[in-house]
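Everything below concerns the one structure shown next.
Numbering (my numbering), first residue to last: 10 to 143.
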């Protein structure tokens, strides 16, 4: 038994479930980003605003790559624009502030998430090749 291969129930990249999970994660991130500071401070946090941004957008980058494999540039550009939209919306709320450094943290997170997706897919491909050669 190969414990390193993806489980048989694990959806393939490009499956519709990844798009749904991405949409759900985007909605959750939007709600958390626009929630009043009093609510946000009661939620779990990494302890640093920029790492919260990077973590949230790493999830989006990973799910975006799994939803639309092979479309890295358009996926990451669209998700970064989404980060810009969140910053714009935050500037319109009474107790949130838009910061350019948040977009930088979003970009770092997107690259980390996309990189993880690439590594996972490469690992899956390597496992499939080794199974075919035996």
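Here a beta-carbon is modelled for each residue, glycine too, at the ideal position from N, C-alpha and C. Keep in mind the model is a prediction, meaning the values are calculated, not measured.
Excluding residues up to 5 positions away in sequence, 111, 114, 115, 118 lie with their Cβ nearer than 7 angstroms to the Cβ of residue 62 in the same chain. For residue 38, the enclosing alpha helix (DSSP H) has its first and last residue at 25-43.
For residue 81, the uninterrupted alpha helix (DSSP H) run begins and ends at 81-100, by DSSP. In this structure, DSSP gives residue 50 a state outside helix and strand, which the three-state scheme calls coil. Annotation: the continuous alpha helix (DSSP H) that includes residue 76 extends over 58-76.
The C-beta distance from residue 52 to residue 41 rounds to 7 angstroms, short enough to meet the 8 angstroms contact threshold.
Of the candidates 25, 80, 30, 74, the residue whose Cα lies closest to the Cα of residue 129 is 74. Between residue 66 and residue 43, the C-beta spacing is not below 8 angstroms. Beta-carbon to beta-carbon, residue 34 and residue 68 are separated by about 5 angstroms, close enough to satisfy the 8 angstroms threshold.
Note that the C-beta distance between residue 97 and residue 107 is below 8 angstroms. Distance check between residue 104 and each of 77, 95, 121, 46 places 46 closest, using alpha-carbon atoms only.
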